[in-house]
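J.:
Numbering (the working numbering), first residue to last: 456 to 671.
(1) Given residue 563, which residues of its chain have a CB within under 6 Å of its CB, disregarding the five upstream and five downstream residues?
(2) Give the secondary structure of residue 608 by DSSP, where H, G and I count as helix, E and B as strand, and everything else as coil.
(3) Shortest alpha-carbon distance to residue 557 belongs to which of 499, 513 and 498?
(4) Where do the N-terminal and C-terminal ends of the alpha helix (DSSP H) with residue 565 fall, by residue?
(5) Our contact map puts residue 585 next to residue 506 with C-beta atoms below 8 Å; I'd like the distance itself, whole angstroms only.
(6) Within 10 angstroms of its Cβ, does residue 495 collect 16 or more other Cβ (buried), or is it exposed?
(7) May I have the straight-line CA-CA distance separating residue 603 from residue 593, to the nearest angstrom?
(8) Taking the alpha carbon of residue 569 as the reference point, which residue from 542, 605, 535 and 559 has its own alpha carbon closest?
(9) Would residue 501 pass as a contact of residue 579 if the rule is Cβ separation under 9 Å?
(10) Is residue 579 helix, strand or coil when you go by DSSP?
(11) According to the Cβ coordinates, are residue 509 and residue 549 closer than 9 Å?
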């Protein structure tokens with residue numbers, strides 16, 4: 456009589472999935488039952504430099520009567536090897552010919568992204584400054600107070616220091632001190648429903664004394 460032994464122990468087949476064979480690094484799994492931590496809404500106060508130098512590109516290049524120059528400083532990086540022109544007065548006199556490369560364009564696009572990423576119930580307001588903007592060389596946008604409405608904020612960004620040629624035309628000198636004073640006044644008036652957060656975008660006199668580059 457022959458006996459047969461049956462092995463009932465479990466077996467494991469090793470199979471490498473082609474979809475994850477090259478996966479490296481840490482992997483985090485968010486189960487469906489995990490509690491998602493919500494961010495506390497903020498009241499954002501954005502101080503925005505709209506002076507003439509914001510019309511140049513980030514190397515300090517500007518365009519004067521169809522000719523390209525290094526407008527900001529002879530010590531700036533100069534990859535295009537453009538001649539320095541100490542007569543540049545800033546946009547609209549010498550705004551860089553490629554609008555999408557102007558500092559004002561890049562900053563406003565970044566702010567549009569910030570608005571798009573705002574958490575629910577967050578509110579925001581901008582203070583744009585340059586000499587001759589408003590009665591005190593600075594003006595809040597929207598003019599009627601803080602808001603969380605994205606469409607209103609997006610339009611406020613485009614309107615900020617609009618010099619009539621385009622939403623990315625800037626002009627006149629630095630009035631950062633007046634902008635900070637106005638921002639302080641607006642902070643005192645801000646609603647208490649959310650903590651305050653400030654964003655300062657500047658490219659004026661300070662950058663000459665610091666590093667020759669735009670600071671923010």
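Glycine included, C-beta positions come from ideal geometry on N, C-alpha and C.
T.: So, to answer that:
(1) 612
(2) In the structure shown, the three-state DSSP call for residue 608 is helix.
(3) Considering only alpha carbons, the answer is 513.
(4) 558 to 571
(5) 4 Å
(6) exposed
(7) 22 Å
(8) 605
(9) yes
(10) In the structure shown, residue 579 sits in a strand (DSSP, three-state: E or B).
(11) no
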